[in-house]
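Engineer: The structure's right below; bear with me while I get my questions together.
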Amino acid sequence: MIALLVRDMKLAMRAGGGFGLGLAFFLIVTVLVPFGVGPESGLLSKIAPGILWLGALLACLLSLDRIFALDWEDGSLDLLATSPLPMEGVVTIKALAHWLTTGLPLCLAAPLFGLLLSLPDTGYVWLVLSLVIGTPALSVVGTFGAALTVGLKRGGLLLSLLVLPLYVPTLIFGAEVARRGALGMDAMTPLLMLGGITAGTIALLPFASALVLRVNLR
Amino acid sequence: MGSIWEYANPVKFVRTSEIVLPWVSVIAMVTLVVGLVWGFFFTPDDYRQGSTVKIIYLHVPAALMAINVWFMMLVTSLIWLIRRHHVSALAAKAAAPVGIIMTVIALVTGAIWGQPMWGTWWAWDPRLTSFLILFLFYLGYIALWEAIDNPDTAADLTAVLCIVGSVFAVLSRYAVNFWNQGLHQGASLSLDKEENVADVFSTPLYICMVGFGFLFIALVFLRTRTEIHKRRTKALLARERLG
Amino acid sequence: MMPDLGKYADTVLSAYLVSIVLLVVLVAMSLRASRKARADLEQVETRRRG
């Protein structure tokens, strides 16, 4: 299991593995927003939490089809399926590798991008906290979507269509935590909800992903 | 009468549908015409909403069916995954387009009604938002069916998507509630509330709900049969090519 | 015959129009697909027997 995790991480970090792409995409979205809505800092600081969450979500979405695509093409997914490792474990490791290479860097970069959007001082802690708790759910749900569309040519667009509605609860609670944090309000309730959703998806969704992956490998 | 699983046999299903479909269609037609004509021509105006109250005869049944169709898809998906009856999977596939049309009707009639009543076509009210999300779920479900060639794989994957989607749809409903308290009125037909719609409005409304229900049943029978025919044609053609 | 819809006539009529058109289109498409599927199947079946 550890070996698989290390291998996946190495593959992602390697040149052309798309490690920096998600971050670069996040940066570009953040930079483009003021061009779209105007440079007024009052407005920017008001929408900053939502924009940062949305940017992180889209950056996450962008890298989803890489989770299984390479392994599918070179046949190593079939090898993994016949290995003693249960499929649920494979799927969980894949999601974890995706989070470590995409979600975690996004969490770390988010405060920096918050500066660009003049996020209020009180917001930083809550923003990072909500991202750290919320992005694992994005990776796990995304792995499910990637498993659904793994055999399809041009599955990327379909993947987005399938995954985005599933992101709604996480986005709502995550952005709500960041927004309340930025306003200096108590953000504990949505934070707990967010944690609940993440815990639930991590516990249950790998079974669905594994089931779907087995069907696709049949 | 044997067990219900007999209808899982495609031949048996087609034969039954030949008998049942005309009846269900006639009932659907009659109830829909009676309900809508009654609602449109023979109900008084509401003292606050004026004549726009008549939209309720389309809006509420469509919204009800939009949710029930998804629920029916959930049940048939579970039956497919557990008992592997092809008819069940095909029925879920056949129901999805009906569900999406019902969702669209609910959204559009709601928007048209909201324009004079709330002064806006669209508000990010929890119920409206939830229906928009439901629409996206239907869209993804149908797109996944269309995208996969192998029918059994498609049935499996869409069934799992339907189940996972149901859980997330419920989660979204609560999340959306939390996110924004709305201006939508509560359920209009609950038995004990004072804001219940009056009897003059509710009788034709019930008839319309029954009508929409039978229309859905008729369409599912028809469309499932279509899918069975298509599947059989495909199988026969494949056999021809081999032989 | 036509009920007096007052100032909301456009609203009510357009809601009914849109809904009924959508339902009719749905039914028509279902019927057409059904006929086509049945015709195709019959064609293949007769070819197989004949």
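Chains as they are written, first to last, in this note's numbering: chain A, 1 to 218; chain B, 219 to 461; chain C, 462 to 511. Glycine included, C-beta positions come from ideal geometry on N, C-alpha and C.
#1: Counting pairs of Cβ atoms below 8 Å between the region 345 to 363 of chain B and the region 314 to 328 of chain B, do you hit three or more?
#2: What is the DSSP secondary structure of B/D264, counted as helix, strand or coil?
#3: Is the beta carbon of B/T161 sitting closer than 8 Å to the one on C/D501?
#4: Can you tell which of B/I285, B/M335, B/K230 has the C-alpha that lies nearest to the C-alpha of B/T321?
#5: Count the other C-beta atoms from every protein chain shown that fall within 10 angstroms of the C-beta of B/P166, then say buried if there are 16 or more, exposed otherwise.
#6: Is B/V232 closer than 8 Å to B/G435 when the C-beta atoms are compared?
#7: Would you call the CB atoms of B/G218 and B/G429 closer than 8 Å?
#8: Compare the beta carbon distance of C/A470 and B/I273 with 8 Å and say whether it is the shorter of the two.
#9: Are A/G134 and A/V163 touching if we call contact CB-CB under 8 Å?
#10: Mark B/L250 as exposed unless 16 or more other C-beta atoms lie within 10 angstroms of its C-beta, in which case mark it buried.
#11: Quick check on the DSSP output: the alpha helix (DSSP H) that includes A/T149 runs from which residue to which?
#12: Which of the three DSSP states, helix, strand or coil, is assigned to B/A341?
#13: For B/V244, which residues in chain C fall below 9 Å Cβ to Cβ?
#14: Quick one, which of A/L159, A/L194, A/L157 has its alpha-carbon nearest A/A175's?
#15: From C/S495 to B/R441, what distance separates their C-alpha atoms?
#16: Which word fits A/S139, buried or exposed, when buried means at least 16 other C-beta atoms lie within 10 angstroms of its C-beta?
#17: Checking contacts by CB at 8 Å: is B/L276 closer than that to chain D?
#18: Quick check on this structure: which residue in A/E40, A/L108, A/R214, A/V215 has the alpha carbon closest to the alpha carbon of A/L129?
#19: If we define contact as Cβ-Cβ less than 8 Å, is B/F289 a contact residue for chain A?
#20: What whole-angstrom Cβ distance do A/L161 and B/L357 have, given they're in contact under 8 Å?
#21: Could you check if B/E412 is buried or exposed, using at least 16 other CB atoms within 10 Å of its CB as the buried criterion?
#22: List, in chain order, every chain A residue whose beta-carbon is nearer than 7 Å to that of B/G358.
#23: The ligand SAH and B/T451: does the residue's C-beta get closer than 7 Å to at least one heavy atom of that ligand?
#24: Throw me the rounded Cβ distance for the A/A146 and A/I51 pair, which I believe falls under 8 Å.
#25: Anything in chain B within Cβ reach of A/I172, meaning under 9 Å, just list it in chain order.
#26: Decide if A/T198 is buried, meaning its Cβ has at least 16 other Cβ atoms within 10 Å, or exposed.
#27: Leaving out five residues on either side along the sequence, give the residues of the same chain with a beta carbon under 6 Å from the beta carbon of A/R180.
#28: Is the region 304 to 312 of chain B close to the region 285 to 296 of chain B, with three or more CB pairs under 8 Å?
#29: Whose CA, out of B/C380, B/T270, B/S269, lies closest to the CA of B/G317?
#30: I need the DSSP call for B/A309, collapsed to helix, strand or coil.
#31: According to DSSP, is B/K411 part of a helix, a strand, or is it coil?
#32: Give every residue of the same chain whose Cβ lies closer than 7 Å to the Cβ of A/E88, excluding the five residues on either side of it in the sequence, and list them in chain order.
#33: Less than 8 Å between the C-beta atoms of B/A377 and B/L299, yes or no?
#34: Thinking just about the alpha-carbon of each residue, which of A/V132, A/A182, A/S83 is nearest to the one in A/L57?
#35: Let's see if you can read the secondary structure: which residues bound the alpha helix (DSSP H) around A/Y167?
#36: Got a sec: is the Cβ-Cβ distance from B/L375 to anything in chain A below 8 Å?
Structural biologist: A quick look at the data gives this:
#1: Flag = yes, the region 345 to 363 of chain B and the region 314 to 328 of chain B touch.
#2: strand
#3: No information on residue 161 of chain B is available, as it lies outside the stretch 219 to 461 that chain B covers here.
#4: B/I285
#5: In this structure chain B extends from 219 to 461, so residue 166 of chain B is not present and cannot be described.
#6: Reading the sequence as shown, one finds Ile at residue 435 of chain B and not Gly. Not closer than 8 Å, so no.
#7: Because chain B spans 219 through 461 in this model, residue 218 of chain B falls outside it and cannot be assessed.
#8: no
#9: no
#10: buried
#11: Neither: A/T149 is in no alpha helix (DSSP H) and is coded neither H nor E.
#12: coil
#13: Within chain C, no residue comes near B/V244; the closest Cβ sits about 13 Å away, beyond 9 Å.
#14: Nearest neighbour of A/A175 by Cα position, chosen from A/L159, A/L194, A/L157, turns out to be A/L194.
#15: 7 Å
#16: buried
#17: As a matter of chain content, chain D is missing from the structure shown, whose protein chains are A, B and C.
#18: A/L108
#19: Among the residues facing chain A, B/F289 is not included, as its CB has no counterpart in that chain under 8 Å away.
#20: The pair is a contact, with the Cβ atoms about 7 Å apart (cut-off 8 Å).
#21: Note that B/E412 scores a pLDDT of 44, beneath 50, so its modelled location is shaky; the value from the coordinates is reported in the next line. Result: exposed.
#22: L161, L162, P165
#23: This structure lacks the ligand SAH, and indeed carries no ligand of any kind.
#24: Their Cβ separation, rounded to whole angstroms, is 25 Å, which puts A/A146 and A/I51 out of contact at 8 Å.
#25: S390, A393, V394, F396, W397
#26: Classification of A/T198: buried, given that the 10 Å Cβ count is 16 or more.
#27: Excluding residues up to 5 positions away in sequence, A187 lie with their Cβ nearer than 6 Å to the Cβ of A/R180 in the same chain.
#28: yes
#29: It is B/C380 whose Cα lies nearest to the Cα of B/G317.
#30: Assigned with DSSP and collapsed to three states, B/A309 falls in helix.
#31: Any reading at B/K411 must be qualified, since the residue scores a pLDDT of 41, below 50, and its modelled position is unreliable; the value itself is stated next. The answer is coil: DSSP assigns B/K411 none of H, G, I, E or B.
#32: P206, F207, A210
#33: yes
#34: Measuring C-alpha to C-alpha distances from A/L57 to each of A/V132, A/A182, A/S83 identifies A/V132 as the nearest.
#35: 155 to 182 is the extent of the alpha helix (DSSP H) around A/Y167.
#36: yes
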